[in-house]
Amino acid sequence: MKKIVSGIILAALILQLCSCASESPQTTDSTDAATEDLTETSGYIDELAADWGGETLNIIVQHYSSHPNVPPEEMNGEAVDDALFARDRTVEEKLNISIDYTVYEDRAELKSDVQTAINAGDASYDFIITSMADGLNTLAPEGYLQNLNDIAHLSLDSEWWSQSCRENLTFGGKQYITSGPISLDYYYSPCVICFNQRLCDEYGLPNLYEAVLSGGWTLDMYNTITKDVARDLDNDGKMGDDDFYAFACDDLTGQAFYIGCGGTQTEFTSDRLPALTMDSEKNINILDRIINAVYDDSSRLLTEQFKLDGVTDVTITKTWHFKNSMSMLLGYNMSGIISCLRDMEDDYGIIPMPKLDENRERYLTYGSPWGPCGVAVPVTNTGDKLEMTGNAMEMMAYISQTSVGEQMYNVTLQEKVSRDENSKQMLDIIYEDIIFDLNGIHNFGNSGNTLRSCAIGRDENFMSKYASLKTKAETELNKLIEEYNSID
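Residues 2 to 489 (my numbering) make up the sequence shown, in order.
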């Protein structure tokens, strides 16, 4: 059963996930695949099995077309939808429970209603799926959430839970926020770069796939391939919305460049307490190199500023130039790529953010905390209900990582989104580890937003701006630590 909030027509939103795909769904194949995946992973599921006497698991969740999280009312032939549906039915059967969703489109409305319910002592919601930034980040320090480390059955060190969240959001022995495949939007969160294959060929660019695999996809290479590409199509003597760009990106791409190059916003002391590090010599050098490569209004379009008449969906406006072959490269998260580029006329490729240099062994992928990929448990969930919730969450997370993740990765990402075999190799690299950053989520003293604005070239003089807000940022971080310590 689902309770729909704010007039969402759930079925329509679910179907929009695959609305751009041209092929017809194969119901039998999809259903069989979902069943086979569950059979293959039955060992741990059986270990978790229990009888909770027909209890209801109430999930309050943010969900909309470009950031889906909720299964359909019945199998519909789409592999991911069917895997989500099968996951919930398996959990219901193995635990003798029923699963009920309260669905929101707006994260602010969801957060407000959660706060109101908890303040009233209303235990209507058992766990929450919503954004980490502008969502769970405000609920955690105010005492609205349970410490996930205290919940029975949750194995937060397992691969079906985000290890980045475990590492970066845990201090004082407390972790209130996590992520992972239990939220389908987890797969929509990575920030990546897309390239138009036809345009890259026309400009004589080297093979970007080979560059990634050889370790040569670096900031310097990005700088080289984006030079002398942009064109003033309307001949008005300036670059505007109607011109052709080397690179189109949103503001969050600034943080994605920074994390991808090995920059850190916070690091942990020997006492496992977070400290701000954006003004360290290492990080300033990284930021300076990013700015030198990216800061060029004549070749780079900031899509935050672009508007289309009558269009309010930012995934459409932020991908419009690239989709219409008016930019050679696109910096965005997978949400916009999955939602908007399936019917793009030109072939495109997907690659990770560039490394700082070839001495770096791994490509690092930044996860957007603004989509509904965060997971938490309200403090009003206690006693046996809390244990049941942990039991159900663990089973849902495990099945999501195996069965749902398999379908999301192999069908939606590798068959419907990526256009060739090379893109599939890139996805392996991108999804190896998605990094969620403490300051990217909490934005202490507006330092995170300042960093990304300077990195992407919207703003200048990071050091002077950071110096003016550093005291406030450190005060807010210390307040968060104190609030965590004060929560029993």
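Where a beta carbon is used, it is the ideal one built from N, C-alpha and C, also for glycine.
What you are looking at is a predicted structure, and each value in this text was computed from that prediction instead of being measured.
Where the beta strand (DSSP E) through residue i begins and ends
i      : result
THR505 : The first residue shown for the chain is 2 and the last is 489, placing residue 505 beyond what the model contains.
ARG88  : Where ARG88 is concerned, there is no enclosing beta strand (DSSP E), although the alpha helix (DSSP H) it sits in stretches over 80-96.
THR57  : 56-63
CYS195 : 192-197
GLY332 : 328-334
THR267 : 267-269
ALA247 : 246-250
Coil, strand or helix - residue i by DSSP
i      : result
HIS68  : strand
LYS356 : strand
MET409 : helix
GLY350 : strand
ILE442 : helix
ARG453 : helix
ASP52  : coil
ILE100 : strand
VAL376 : strand
GLY205 : coil
SER23  : Confidence at SER23 is low in this model, with a pLDDT of 36, below 50, so the placement of that residue is unreliable and no value is reported for it.
LYS239 : coil
LYS308 : coil
LYS175 : strand
ARG301 : strand
PHE323 : helix
THR225 : helix
ILE183 : coil
GLY217 : coil
THR366 : strand
ILE435 : strand
THR29  : Residue placement at THR29 is flagged as unreliable, the pLDDT there being 42, under the threshold of 50; the coordinate-derived value follows with that caveat. If DSSP states are grouped into helix, strand and coil, THR29 belongs with the helices.
Terminal residues of the alpha helix (DSSP H) in which residue i lies
i      : result
ALA276 : From DSSP, ALA276 is part of no alpha helix (DSSP H) but of the beta strand (DSSP E) over 275-277.
ILE430 : 422-431
GLY255 : 253-261
SER469 : 463-487
SER43  : 43-49
ALA118 : 108-120
ALA398 : 384-400
ALA141 : Looking at the DSSP string, ALA141 is not in any alpha helix (DSSP H), and its letter there is neither H nor E.
ARG290 : 282-295
Beta-carbon gap between residue i and residue j smaller than 9 Å
i      : j      : result
GLY144 : ILE488 : yes
ALA247 : THR304 : no
SER67  : CYS341 : yes
LEU365 : ARG290 : no
GLY368 : SER156 : no
GLU475 : LEU253 : no
THR318 : SER336 : no
ILE183 : PRO207 : no
ALA1   : PHE258 : Summary: the structure shown does not reach residue 1, with the chain confined to residues 2 through 489, and so no result is reported for it.
SER299 : ALA231 : yes
TYR177 : ALA124 : no
ALA1   : SER404 : Absent from the model: residue 1. The displayed extent of the chain is 2 to 489, so no value can be given.
LYS112 : TYR485 : no
PRO370 : ILE431 : no
ASP494 : GLN408 : Given a span of 2 to 489 for the chain in the structure shown, any question on residue 494 remains unanswerable.
LEU149 : ALA377 : yes
Exposure of residue i, with buried meaning 16 or more beta-carbon neighbours within 10 Å
i      : result
ALA393 : buried
ARG108 : buried
ASN444 : buried
ARG363 : exposed
LYS308 : exposed
GLU395 : buried
ARG301 : buried
ASP1   : The structure shown does not extend to residue 1, since the chain is modelled only from 2 through 489, so no value can be given for it.
THR413 : buried
LYS239 : exposed
LEU478 : buried
THR117 : exposed
LYS228 : exposed
LYS324 : buried
Neighbourhood of residue i by C-beta distance below 6 Å, restricted to the same chain and skipping five residues each side
i      : result
ILE352 : ILE194, LEU209, VAL213 and MET427
ASP348 : GLN198 and ARG420
LEU58  : ILE98, ILE100, ASP127 and ALA393
LEU16  : Note on LEU16: pLDDT 33, under 50, position unreliable in the model; the coordinate value appears next. Nothing meets the Cβ criterion.
HIS154 : GLY391, ASN392 and GLU395
ILE61  : THR103, TYR126 and ILE129
PRO26  : Because the pLDDT at PRO26 is just 39, under 50, the model does not fix this residue reliably, and the value given afterwards should be weighed accordingly. Closer than 6 Å at Cβ, skipping near neighbours: GLY78 and GLU79.
THR29  : Confidence is the limiting factor: at THR29 the pLDDT is only 42, short of 50, which leaves the residue's position unreliable, though a coordinate-based value still follows. Counting only Cβ-Cβ distances below 6 Å, and skipping sequence neighbours, we find nothing.
Close-in-space but distant-in-sequence residues of the same chain around residue i (CB under 8 Å, 5 per side omitted)
i      : result
VAL380 : ILE119, GLY144, TYR145, LEU146 and GLN147
ILE482 : PHE172, GLY173, LEU274 and PRO275
Cβ shell of residue i (< 7 Å), same chain only, five flanking positions each side left out
i      : result
MET279 : GLN266, SER448, LEU452 and TYR467
ILE260 : LEU365, TYR367, ILE436 and ASP438
Beta carbon proximity, residue i to chain B, threshold 9 Å
i     : result
GLY44 : Absence of chain B from the displayed structure is noted, only one protein chain being present.
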